[in-house]
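Below you'll find the structure, written out as structure tokens, and then a few comments.
Structure, rendered in structure tokens:
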């Protein structure tokens, strides 16, 4: 009988090696988007695939197999701590997935994602859904094969969603979303007319690129991002990778959305979650944060609960006014109203905080309908437009403003959209608990001290990395399972309060 | 008896996998210098070491061992072509080195190089040789252990030099250098007084950073660099890595040396050699160019034989004058004279073309004396200064301008300095042959067509990557072995003609 401590050592080593390979992939991906010469792409893709295959070989070797199987019959509650348990569970999930999804399929998908993202950029610019549609079909086919490989007995969409938001069923999501949607529609009905007159010109100022970058950088610092543990770049579609335990890389472009400031804050939220794991989580290869809803909870918390609060701008707005003379004509109230103005709109990434989740609910419903076999890719554009008309009373004039706006269906993020909304639900529940613990937290924020919120989030959420499941983590942090009522209450307070 | 074709396949596969690992290392190194957050350095170093160990594991596995040993008893002249022969020889050299130099030592050196380079930057800024000296001692000790491991029976310095310039003995180098030195001293004696009055102010103009970057970029394009196969960055010490068969990355800083233009052209020469291997060389994992003298021949050719020719600036100088108003007061003659002005100086990287190799000969002599046991690290600063006084009549006022000026003894490039001078010898010999084949080549350059020279170099040198040994390559390209007379003749023509 093998000593469990020896097997634990193997778990730790194997998981860390998997993370090493992921870090190599992360650096290569950063390089791909920021520096890689165009003629080097096919070769570097080969290199990346070689590395992926090596990682898979390590993951499926006899030693790992033995360790994983050893712990299947082991009472995990007898292990010393949650990190050991988390590592065993995390490695087991990886191992099981790797035994089920052939490496050839994974590589086919990652090759396709790279090409398709480039193609999406072109199609997006040209607003050419007809050209891009076959790529969506192929991506959905590939994802169906993944779902089938992982669990042929479950509905595909449940499997895909569960790969992102572990332990979450589409039934539960539907119920949460239905409750949230009612709440949003109710609030929107009450404020839409009042908000219609709010002038959003302050968000449309476009100072010289140098100033935009400097202010986005200052906003990143203001939400607490530490550039000793991160670096930022420029990408058409904002995103943030975590490349190592102390290495997060928020990217944005500086063209929309208060010239990139808002999306920079969002990505910094991902980044701070990514680089804040405690030493034990790092030691056990569990650094970086839970995928899906919990990651989005930290980005959306930073973007909205902090970054769209009046108190946050009370501190930062003078800096912006100093750097951008056009802003001096708008006082703090006018500026903050512009930032939170509720208004049905076509683009998800620039949507206001209130209507934002309607965008996600539309996407979730469309993906679910497709994978449940109720609609075809052919119908996506029209159904997309119909839903926008139904939920928000506006219809996209073209694919660029409609079905073609997100990178997700080209980057392989299928079964992902629900995460943003789950993120808002987790975030609002965390906020309620935080304000229970620290009633004057926003007073600190108004004084430029966001650390009071970040420290609480580190203590309750961020430090644990991937140690817990999402459900365990929200229960540990707030004492109860996920409930949409906190988000509705928060939105009511912000929009009706 | 194994079929040789099966063994060849293994050679090809193994060599390509080694190159994959090198490319991963190359991207990580680029990232380290350009983007990596400071707190991520220790972790990424671990990742890099893991990747190095994996590469070594592949290189030393049973399959490779069998293939390498198979070809030891095989008549390589019966193979189909030079690429197959080159691949077998290249892999055998790698395998033999890996069996001799323990991976722990290689990793210790690469860890030390990273730390020591950072430390060198600090010491260089502070001109603090006392602080840095122990690092030089440690680097030399590590390199002695490498030499000892590779060949305990040969003089250490011969072993180290031979690792960089394959097939080159220090005896032969000494003879070539003695001849060259006499030639340089002779020419310098004749022109020094005449050149003393040349005004070098045109090189000291320092336009805004944006303009500097733009002009360095234009100079890169003017020497023929293709940014579809490369990307450039900023580093304190100019360098160029080749990260893939079509992926070279010249870096410079924009502070000295015609605000980075000259060193950018130098690095672009490395880059063009790096990315110009033909498809067969790529297929067989032989892309990128021969280390040492041949690589420097291409960079120095680009920098000097093209980039410091009057004809080159005849075409490019108006662009510079347009972008930098201060240059308009100097005509082409004044500008070109400033660029080639011969003048004893303290800094290698900004030295003129004539005196440049005296700097290298000094370094070569000091390294050789150290590894032959004739001097100690303790004496390096003083001996360095003495030699500058002896060869050039000037004495460094501090370590920053003297013994501490090069990154090499911190980056692990010990036994490397001779390569620059060998590069000038190869380059001048190639130039003589090129002008024999295309007598009006410089007329084309004056018309902005450097391709006529680059194409010749691609045909004769660059396309072959690592297929041949340096000696075979110079004989193939020019019909004879390396001879210093061409370089002396070229310098005479440029400075006395």
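Protein chains in written order, with the numbering used here: chain V, 1 to 497; chain U, 1 to 497. In this text, a Cβ means the ideal position worked out from N, Cα and C, and glycines have one as well.
Residues bridged to residue i [DSSP beta-bridge criterion]
i	result
residue 234 (chain U)	U:252
residue 240 (chain V)	V:250
Straight-line gap, residue i to residue j (C-alpha atoms, nearest Å)
i	j	result
residue 52 (chain U)	residue 300 (chain V)	39 Å
residue 18 (chain U)	residue 91 (chain U)	9 Å
residue 306 (chain U)	residue 421 (chain U)	17 Å
residue 4 (chain V)	residue 466 (chain V)	22 Å
residue 453 (chain U)	residue 199 (chain U)	30 Å
residue 358 (chain V)	residue 390 (chain V)	11 Å
residue 432 (chain U)	residue 423 (chain U)	14 Å
residue 322 (chain U)	residue 328 (chain U)	8 Å
residue 169 (chain V)	residue 161 (chain V)	7 Å
residue 504 (chain U)	residue 462 (chain U)	Missing from the structure shown is residue 504 (chain U); chain U here goes from 1 to 497 and no further.
residue 338 (chain U)	residue 287 (chain V)	56 Å
residue 363 (chain V)	residue 182 (chain V)	17 Å
residue 426 (chain V)	residue 298 (chain V)	9 Å
residue 213 (chain V)	residue 309 (chain V)	22 Å
residue 45 (chain V)	residue 10 (chain U)	22 Å
residue 85 (chain U)	residue 58 (chain U)	21 Å
residue 87 (chain V)	residue 173 (chain U)	58 Å
residue 404 (chain V)	residue 331 (chain U)	56 Å
residue 147 (chain U)	residue 97 (chain U)	10 Å
residue 350 (chain U)	residue 94 (chain U)	35 Å
residue 133 (chain U)	residue 385 (chain U)	15 Å
residue 116 (chain V)	residue 39 (chain V)	17 Å
residue 395 (chain V)	residue 267 (chain V)	29 Å
residue 409 (chain U)	residue 381 (chain U)	13 Å
residue 196 (chain V)	residue 343 (chain V)	7 Å
N- and C-terminal bounds of the alpha helix (DSSP H) containing residue i
i	result
residue 14 (chain U)	4-34
residue 324 (chain U)	It is not in any alpha helix (DSSP H) - residue 324 (chain U) carries neither H nor E in the DSSP assignment.
residue 154 (chain U)	Run containing residue 154 (chain U): none; DSSP gives neither H nor E here.
residue 127 (chain V)	Counting along the chain, residue 127 (chain V) falls outside any alpha helix (DSSP H), and DSSP gives it neither H nor E.
residue 49 (chain V)	41-59
residue 416 (chain V)	That residue, residue 416 (chain V), is in no alpha helix (DSSP H); it is neither H nor E in DSSP.
residue 202 (chain U)	201-204
residue 398 (chain U)	That residue, residue 398 (chain U), is in no alpha helix (DSSP H); it is neither H nor E in DSSP.
residue 265 (chain U)	261-275
residue 302 (chain V)	Residue 302 (chain V) -> no alpha helix (DSSP H), and no H or E assigned at all.
residue 309 (chain U)	Unbroken run through residue 309 (chain U): none, as it is neither H nor E.
residue 496 (chain U)	485-496
Neighbouring residues, chain V, relative to residue i (Cβ below 9 Å)
i	result
residue 44 (chain U)	23, 27, 243, 244 and 247
Residue interval of the beta strand (DSSP E) (run including residue i)
i	result
residue 77 (chain V)	Neither: residue 77 (chain V) is in no beta strand (DSSP E) and is coded neither H nor E.
Supposed contact pair residue j and residue i - C-beta distance, whole angstroms, cut 8 Å
i	j	result
residue 488 (chain U)	residue 481 (chain U)	Between residue 481 (chain U) and residue 488 (chain U) the Cβ distance is about 16 Å, and since that is not below 8 Å, they are no contact.
residue 293 (chain U)	residue 165 (chain U)	5 Å
residue 253 (chain V)	residue 240 (chain V)	In fact, because the Cβ distance is near 13 Å, the residues do not count as touching under 8 Å.
residue 398 (chain V)	residue 127 (chain V)	5 Å
residue 37 (chain V)	residue 227 (chain U)	7 Å
residue 316 (chain U)	residue 219 (chain U)	7 Å
residue 354 (chain V)	residue 187 (chain V)	6 Å
residue 60 (chain U)	residue 108 (chain U)	About 18 Å; that fails the 8 Å criterion.
Cutoff 8 Å: residue i Cβ touching any chain C Cβ
i	result
residue 214 (chain U)	Note that chain C does not occur in the displayed structure, where the protein chains are V and U.
Under 8 Å by beta carbon: chain V residues contacting residue i
i	result
residue 225 (chain U)	Ordered by position in chain V, no residue passes the 8 Å Cβ test against residue 225 (chain U), which lies about 11 Å from the chain.
residue 231 (chain U)	35, 36 and 37
residue 115 (chain U)	By Cβ distance, chain V contributes nothing, its closest Cβ being about 18 Å from residue 115 (chain U), past 8 Å.
Contacts that residue i makes with chain U (C-beta to C-beta distance below 8 Å)
i	result
residue 228 (chain V)	37, 38 and 39
residue 352 (chain V)	Residues of chain U passing the Cβ test: none, with the nearest at roughly 33 Å.
residue 30 (chain V)	31 and 35
Contacts of residue i in chain V (Cβ-Cβ under 7 Å)
i	result
residue 20 (chain U)	47 and 50
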